[in-house]
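Peer 1:
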Amino acid sequence: MVENEEEGIFCAKCNVKMKLGVIPKYDYEEGYTLHNVKAYKCQKCNNVFFTEEQAHEMEARTSELKEREFGFERKVAVSGKSLIVGIPVELAEHLHIKKGQKVKIVPIAKEGFMIRKTN
0 MVENEEEGIF
10 CAKCNVKMKL
20 GVIPKYDYEE
30 GYTLHNVKAY
40 KCQKCNNVFF
50 TEEQAHEMEA
60 RTSELKEREF
70 GFERKVAVSG
80 KSLIVGIPVE
90 LAEHLHIKKG
100 QKVKIVPIAK
110 EGFMIRKTN
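All residue numbers in the sequence shown are consecutive under numbering that gives the first Met the number 0, ending with 118.
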């Protein structure tokens, strides 16, 4: 990234002037998706660049999400040859998950997994 206040911010990959815009969804930290994130984006290669101020804003927004985060502890049970974990009704209501609906279980390194709704 090359920066000159008078000329703007240029992409480090292709040396094209980057355009300030808003990214609708951006995974700043694994498991924490931020919406409507301000960033500079290269129109040629789609490379994204954040100013120091924008990075601080994303850190603050992620910290706020972590503070408001809620979770549940459940025991792992067995059903046939599968291990099962019950989804608490409060979480199901929050995520609008209904009985019979399909979800996708996505591993997150060796830390655990994430349950995502499928459409």
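Glycine included, every Cβ here is placed at the ideal spot set by N, Cα and C. Being a predicted model, the structure only gives us computed values, none of them experimental.
#1: Over the uninterrupted alpha helix (DSSP H) stretch that includes Val88, give me the two end residues.
#2: Using a Cβ-Cβ cut-off of 6 Å (strictly less than) and excluding sequence neighbours within five positions of Cys13, which residues of its own chain qualify?
#3: So, is Val15 buried or exposed, given that buried needs 16 or more other C-beta atoms within 10 angstroms?
#4: Can you check whether the CB of Arg73 is closer than 8 Å to the CB of Leu33?
#5: Which of the three DSSP states is assigned to Glu32 in this structure?
Peer 2: Answer, in terms of the structure:
#1: 88–94
#2: Lys43, Cys44
#3: So Val15 counts as exposed.
#4: Contact check for Leu33 against Arg73 fails: the beta carbons are separated by 8 Å or more.
#5: Here residue 32 turns out to be Thr, not Glu, going by the sequence shown. Residue state, collapsed to three classes: strand.
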